[in-house]
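Just so you know, the sequence shown maps onto residues 2 to 298 in my numbering. Built from N, CA and C at the ideal position, the CB exists for glycine as well. Quick caveat: nothing in here was measured; it's all calculated off a predicted structure. Structure record follows, encoded as structure tokens.
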Amino acid sequence: MIRRRRYAVPLPGAAPLQLGDRTLVMGIVNVTPDSFSDGGLCFDPGRAVAHALQMEAAGADVLDVGGESTRPGAAALSDDEELARVVPVLRGLMGQVGAPVSIDTYKVRVAQAALDLGATIVNDVSGLLYEPELAEVVASRGAALVLMHNRGRSLEMYRDAEYADVGREVVAELADLIAVAVDSGVGRSRIIVDPGLGFAKRAEHSYEALASVGELVSLDRPILVGPSRKSFLAAGNDAGPTECEWETAAAVTAAVLEGAHIVRVHQVAELARVVRVVDRILARRSATDAARKRAAS
């Protein structure tokens, strides 16, 4: 079990995101007709807003709104189409939710619009690889930035899935991405890292990345992990994405024990209960370690 460091991630116009005392839950709001995980459940803006509000009521600490499916084989979406999907949802959420809102995008124009509407976090699945100028937008707005490990595009998701040591390579490549972001003006204190489970990783690579989450501690940045309903969890059985809730719970537990500060999930109510239990285990372990240290001194 990894002892998490504490961080306060600044957010524009809001209180900092306090990380480390407990695990935060990020609720996924997919505004897509073809999501691998929920089949377009929230493609209608009204339903998406209602779903997000339900997630907050169920315990979501952050809401992550995205308009483009990044499942393996998915084609890229135009800026205009993505804006048409997410802007009505963002407008509907602002003023109704207390939780910080994240925009799940790698596009400069989409991020600009979302930040203008009140989003405070940009969650970039490309880690600035697709549109590097995104870093300058984030820097100019004082937003937080999630840098996810990735290689290549969704249409060729597994072309670059070749690793000698997944854990070390993910850490090294994320370190490079952090340097790019900082060089572009993003404050280091505003950066969160994500190992990118399922992205440019075959099932065995995703399991190794999950088992190696603790190695990300060396980057000295908060860690976000998103295992929810990922296809690697169904490897070896006949379960579809929406039937992998037990597998997701196991992966979330592993991520938190390995030091994750935030878990990104679809089933907020259920997984908020899971992380509360894991947090209690971590708290007891910390108390036991402290007591043993005092007794030995």
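Span separating the alpha-carbon of residue i from that of residue j
| i | j | result |
| --- | --- | --- |
| H267 | G199 | 16 angstroms |
| P1 | T289 | Because residue 1 is not part of the residues shown, which for the chain are 2 to 298, the question remains open. |
| G21 | R48 | 32 angstroms |
| H206 | L116 | 34 angstroms |
| A297 | A284 | 20 angstroms |
| A14 | A165 | Inspection of the sequence shows that residue 14 is occupied by Gly rather than by Ala. Whole-angstrom Cα-Cα distance: 43 angstroms. |
| V269 | G60 | 7 angstroms |
| P89 | Q19 | 29 angstroms |
| A252 | V279 | 12 angstroms |
| E216 | E259 | 9 angstroms |
| L148 | V194 | 5 angstroms |
| V257 | A212 | 11 angstroms |
| A210 | M56 | 27 angstroms |
| L64 | R265 | 9 angstroms |
| V183 | R189 | 6 angstroms |
| R222 | R7 | 9 angstroms |
| L87 | K108 | Contrary to the premise, residue 87 reads as Val rather than Leu in this sequence. If I take the Cα positions, the gap works out to 12 angstroms. |
| P196 | P46 | 30 angstroms |
| A162 | A176 | 19 angstroms |
| I122 | A53 | 16 angstroms |
| V275 | T254 | 7 angstroms |
| G186 | S141 | 8 angstroms |
| A77 | A9 | 34 angstroms |
Helix, strand or coil at residue i [DSSP, three-state]
| i | result |
| --- | --- |
| I3 | coil |
| Q113 | helix |
| D290 | helix |
| M56 | helix |
| L12 | strand |
| L178 | helix |
| F37 | Residue confidence is low: F37 scores 47 on pLDDT, short of 50, so the model does not pin down where it sits. No coordinate-derived value is stated. |
| G186 | coil |
| L25 | strand |
| L84 | helix |
| P17 | strand |
| S232 | helix |
| P133 | coil |
| R72 | coil |
| E163 | coil |
Classification of residue i by the beta-carbon crowding that lies within 10 angstroms, buried from 16 upward
| i | result |
| --- | --- |
| G227 | buried |
| P34 | exposed |
| K294 | exposed |
| S287 | exposed |
| D105 | buried |
| G128 | buried |
| G67 | buried |
Strand pairing of residue i, partner residues [DSSP]
| i | result |
| --- | --- |
| D195 | M149 |
| D105 | G67 and N124 |
| Q97 | DSSP output for Q97 lists no bridge partner at all. |
| R265 | M27 |
| V350 | Within the shown structure, residues of the chain are numbered from 2 to 298, placing residue 350 beyond reach of any answer. |
Exercise. Are the region 220-235 and the region 247-261 touching, with three or more C-beta to C-beta distances below 8 angstroms?
Worked result: Taking a contact to require three or more Cβ pairs closer than 8 angstroms, the region 220-235 and the region 247-261 qualify as touching.
Problem set entry | the region 157-176 touching the region 84-102, judged by at least three CB pairs closer than 8 angstroms | A contact between stretches requires three or more CB pairs, one per stretch, nearer than 8 angstroms, and the region 157-176 fails this requirement with the region 84-102.
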